[in-house]
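A short write-up of the structure that comes next.
In my numbering, the protein residues as written are 5 to 137.
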């Protein structure tokens, strides 16, 4: 289960959703007190080697997902209205294709309210497969 109360260990390789965005795979390199933010922040390396930092509190960690998991499945609504043609809205991200397609079915059946309530037409949605970055 995803956890917002999780504190990763230094050296841990883990998936994290920063500020609700699509999860990325990171390696935690340390923790430091940020004097401007007046809170402890997590320092980490991204999969591409870039170093970064973020507050770890309130972020969503996925400790149950293996660090060698190769793909993410993203439910995307593609707008085709004239005033928003080509605009894409990410409705949700998943680590397993069955979960992504179940979410897509929930949107198109009306059981789940999409982020952009303009459409529940199945033709307006796709499941994208993205390589972990």
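Where a beta carbon is used, it is the ideal one built from N, C-alpha and C, also for glycine.
In this text the structure is predicted, and so the values were computed from the model without any measurement.
Short Cβ contact (9 Å threshold) for residue i with residue j
i	j	result
residue 112	residue 102	no
residue 81	residue 119	yes
residue 20	residue 65	yes
residue 61	residue 44	yes
residue 22	residue 71	no
residue 94	residue 26	yes
residue 48	residue 77	no
residue 108	residue 79	yes
residue 35	residue 14	yes
residue 46	residue 58	yes
Boundaries of the beta strand (DSSP E) in which residue i is found, first to last residue
i	result
residue 93	92-98
Residue i to residue j span [Cα, whole Å]
i	j	result
residue 53	residue 121	38 Å
residue 10	residue 74	22 Å
residue 106	residue 39	44 Å
residue 97	residue 33	26 Å
Opposing strand residues paired with residue i [DSSP bridges]
i	result
residue 64	21
residue 69	The partner list for residue 69 (beta bridge, DSSP) is empty, contrary to what the question assumes.
residue 132	78
Uninterrupted beta strand (DSSP E) stretches inside the region 11-61 (no shorter than 3 residues) | Counting only runs of at least 3 residues, the region 11-61 fully encloses the following beta strand (DSSP E) elements, listed from N- to C-terminal order: 17-21, 28-38, 43-50 and 55-59.
For the region 99-126, which segments carrying the beta strand (DSSP E) assignment without a break, of at least 3 residues, lie completely within its bounds, in sequence order?
-> Within the region 99-126, no beta strand (DSSP E) run of at least 3 residues lies entirely inside it.
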